Structures are given as structure tokens and as C-alpha cells.
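Written below as C-alpha cells is the structure these notes are about.
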Amino acid sequence: SDVAGESAHEMAASLRDGDVGMVENVRFEPGEEANDPGFAAQLASLAEVYVNDAFGTAHRAHASTEGVAHLLPAVAGRLMAREVEVLNGVLAEPRTPLVAIIGGAKISTKVGVLSNLLQRVDTLWIGGAMACTFFRAQGFATGRSLVEEEHVDTARRLLDSAGSKDKLRLPVDVIVAPAAEAGAKTAVVDVGEIPEDQMVVDVGPRTCELIARDVASAGTVVWNGPLGIYEIPAFAIGTRSVAAALAATAAFTVIGGGDLAAAVQDADVADRIDHISTGGGATIEFLEGRTLPGVAALRSREAART
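Positions 42 to 347 (the working numbering) are the ones given, in order, by the sequence shown.
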């Protein structure tokens with residue numbers, strides 16, 4: 042139960058070559074998320090070298106991810122280095138055409154990444170419940186679907202910024218159901234024909250075909266967020282279909298972590314994806330073009346060594 046106290050120091054002192062010691066979850070300590078210098082110093086006192094291999098928390102400026110890196114010789118672990126290398130390559134030097142697929146429920150959590158990717162990609166597909174906010178921005182009825190009313194104008198601005206180049210692409214058909222429940226009766230309808238008593242639960246088959254066509258001709262594909270309510274098998278068809286398209290393409294394929302990583306595992310194609318990121322929020326913030334505190338701390342130490 043000790044993070045950096047007496048018993049933790051005794052454990053650290055007893056370690057021999059090849060041994061691994063574990064301490065309690067650092068987030069139980071109030072100094073962790075506050076990035077308290079005193080707590081960072083306590084952590085640093087346990088070791089001689091700091092290795093950060095936790096990309097999934099690199100977007101947090103916490104004592105264990107940022108503070109301690111300034112107090113010891115600090116390096117990136119192999120997973121961290123690979124994550125940064127791959128995601129930086131997607132943004133800076135991708136094989137083209139670059140196709141991005143962004144799903145998930147809310148546009149509010151993806152505005153930054155959508156704006157940044159629109160400036161870099163050849164094609165940006167929108168899926169998931171988030172697409173319904175774009176449908177509303179286009180003037181379509183969305184029935185009982187999840188729509189972030191306060192972000193309809195945001196969606197409209199993104200559509201306008203994409204211009205008339207067909208860069209930002211939305212589903213042309215969707216699967217609807219009266220409720221997001223297993224066993225609910227589903228139907229495929231065109232966008233613009235969503236019944237008022239139905240909600241969008243997945244992208245439709247024609248949309249999957251269009252996405253698959255773009256994926257097949259791409260040089261690089263980056264995908265973040267499921268395209269439907271994948272936890273319910275009947276609403277996971279779109280996500281599984283696009284996962285199969287990524288598995289079949291010759292393009293370099295990158296999948297953002299979290300829910301989508303689990304969905305790809307369920308679709309049994311994970312071994313045919315070039316890179317599955319371990320980050321959720323960290324991956325999104327990296328693709329937004331933001332500096333991750335955990336990565337910045339390691340880079341500053343590297344710069345100091347050179």
C-alpha cells in the first residue's frame with residue numbers, strides 16, 4: 042500500500058538484477074495528479090533512471106509522467122517511442138493518400154482532431170453518433186438520435202472549412218432502431234430519411250462500401266472511434282466491416298486505442314493492423330497537434346543530454 046515511503050524504499054533496495062518491484066497505484070496519492078514537486082522527488086528517490094513506457098497517460102502532466110522526468114536521467118520505453126514515431130509519421134510524413142476515419146459519440150470531444158486532420162488529410166470520414174450532429178447541420182432530420190445541439194454550428198463550420206473538395210465525407214445511409222437495445226428491430230435508411238421514432242445505431246452498407254473503397258486506395262489510414270454502438274453485435278456491423286477493410290488494404294494502418302482497439306480484437310483482425318495505439322485521450326491529443334506533457338518532458342531531457 043506504500044507508494045514512496047519506507048516500505049517502498051526497502052523493496053527498491055532489495056531488488057537484484059532482473060527483479061521487478063511494484064508500488065501502489067500512484068493516483069491514490071493527492072500529489073500525483075497535482076504534479077506536486079515534493080511527491081515527484083519522493084518517486085525519484087526510489088530509482089536511478091526513469092523510463093516512461095505509458096503512452097496512454099502521456100497527455101497528463103502528473104508527478105509520475107512529467108514531474109519525475111526532470112529529476113532523473115529519463116528515457117522513453119520502446120512502446121512509448123513506437124507510439125510517438127508512428128503518430129508523428131501520420132501527421133508529418135504519411136504515405137499518401139492519407140485517409141482518416143473518426144467515429145465516436147460526441148463531436149465535442151473531437152473538434153480539435155477534426156480541425157487538425159482536415160488540414161492534413163486527403164479524405165476524412167465521419168461516423169458514429171457524432172455524424173448525427175453533422176446531419177443536423179446539413180438540415181436533415183435525425184429522429185431520436187444523439188445530437189449535440191450546442192455543436193451544430195461547430196459541425197457546420199467544419200463542413201464549410203472542408204469546402205467543395207469532397208474532403209469531409211459523411212455516411213450516405215445508416216442503420217436505425219427504435220432504441221439502443223439488443224434485439225431491437227433494425228432498418229437501413231438513407232440519410233435524410235431517418236424516421237422521427239428511430240435513432241441511428243450504425244453506418245449503413247453503402248457507406249461501408251464507400252469507406253472500404255477509399256481505404257483500399259489509400260497510402261495511410263488512421264482510424265479513431267467506432268462507427269456504431271459496437272457493444273451490441275447487431276450495431277457493430279459497420280465497425281467490423283471497416284476493420285476488415287483496413288486488414289485487407291496495402292496501406293499503412295493505424296488505429297486509435299480505447300473502444301476501437303477492443304472492437305478490432307473482437308473482429309479478429311488485430312494482427313493485420315500495422316499499429317494499434319494504446320492511447321485514448323493521448324492519441325486524440327497527439328492527432329490534434331498538441332504537445333503531450335509526458336513526451337515533452339522526455340524530449341527536454343534528451344535535449345539536455347545533447
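Cβ coordinates follow ideal geometry from the N, Cα and C atoms, glycine included. Remember, it's a predicted structure, so these values are computed and weren't measured experimentally.
Throw me the rounded Cβ distance for the residue i and residue j pair, which I believe falls under 8 Å.
i           : j           : result
residue 209 : residue 167 : 7 Å
residue 154 : residue 329 : 5 Å
residue 141 : residue 263 : 5 Å
residue 216 : residue 245 : 6 Å
residue 111 : residue 338 : 6 Å
residue 253 : residue 284 : 10 Å between Cβ atoms; not a contact.
residue 257 : residue 290 : 5 Å
residue 3   : residue 147 : Nothing in the structure corresponds to residue 3, since the chain is present only between 42 and 347.
residue 137 : residue 260 : 5 Å
Go ahead and label residue i buried or exposed: buried means 16 or more other beta carbons lie within 10 angstroms of its beta carbon, across all protein chains shown.
i           : result
residue 223 : exposed
residue 66  : exposed
residue 90  : exposed
residue 61  : exposed
residue 139 : buried
residue 265 : buried
residue 51  : exposed
residue 206 : exposed
residue 274 : exposed
residue 169 : buried
residue 160 : exposed
residue 59  : exposed
residue 327 : buried
residue 134 : exposed
residue 250 : exposed
residue 69  : exposed
Hey, could you find the ends of the alpha helix (DSSP H) residue i is sitting in?
i           : result
residue 82  : 78-85
residue 164 : Residue 164 -> not in any alpha helix (DSSP H); beta strand (DSSP E) instead, spanning 164-167.
residue 52  : 47-55
residue 171 : 171-178
residue 300 : 300-307
residue 336 : 334-346
residue 152 : 152-159
Can you tell me which of the options puts its alpha carbon nearest to the alpha carbon of residue i?
i           : options            : result
residue 213 : 152, 102, 279      : 279
residue 309 : 148, 287, 45, 241  : 287
residue 71  : 269, 281, 267, 104 : 104
residue 211 : 188, 122, 68, 144  : 144
residue 269 : 159, 219, 69, 281  : 281
residue 115 : 107, 92, 122       : 92
residue 84  : 57, 47, 156        : 47
residue 243 : 255, 225, 54       : 225
residue 187 : 45, 237, 255       : 237
residue 247 : 313, 320, 230, 152 : 230
residue 94  : 118, 152, 130      : 118
residue 176 : 345, 235, 332, 251 : 235
residue 156 : 340, 331, 107      : 331
residue 120 : 98, 108, 158       : 98
Which same chain residues, not among the five before or five after residue i, have their C-beta less than 7 Å away from its C-beta?
i           : result
residue 178 : 193, 196, 197, 200
residue 301 : 264, 265, 266, 267
residue 102 : 76, 334
residue 49  : 43, 64, 87
residue 311 : 305, 317
residue 82  : 112
residue 173 : 183, 186, 187, 188, 241
residue 239 : 184, 185, 217, 218, 219
residue 149 : 189, 192
What span of residues does the beta strand (DSSP E) with residue i cover, start to end?
i           : result
residue 139 : 139-143
residue 93  : 91-93
residue 262 : 261-265
residue 353 : The shown model of the chain, from 42 to 347, leaves out residue 353, and the question about it has no answer.
residue 292 : Here residue 292 belongs to no beta strand (DSSP E), and DSSP marks it neither H nor E.
residue 44  : First-last for residue 44: undefined, no H or E at that position.
residue 243 : 240-244
residue 312 : Note, residue 312: premise wrong, no beta strand (DSSP E); not H, not E.
residue 230 : 228-231
Near residue i, which residues of its chain fall below 8 Å by C-beta distance, leaving aside the five closest residues on each side in sequence?
i           : result
residue 318 : 96, 124, 127, 128, 295, 296, 297, 298, 302, 324
residue 53  : 62, 87, 88
Quick check: does the Cβ of residue i come within less than 6 Å of any heavy atom belonging to the ligand PLP?
i           : result
residue 266 : As far as ligands go, the structure on display features none, and thus does not contain the ligand PLP.
Going along the chain, which residues of its own chain have a beta-carbon closer than 6 Å to the beta-carbon of residue i, five neighbours each way excluded?
i           : result
residue 233 : 181
residue 322 : 100
residue 255 : 140, 164
residue 271 : 277, 280, 304
residue 74  : 103
residue 109 : 81, 84, 85, 91
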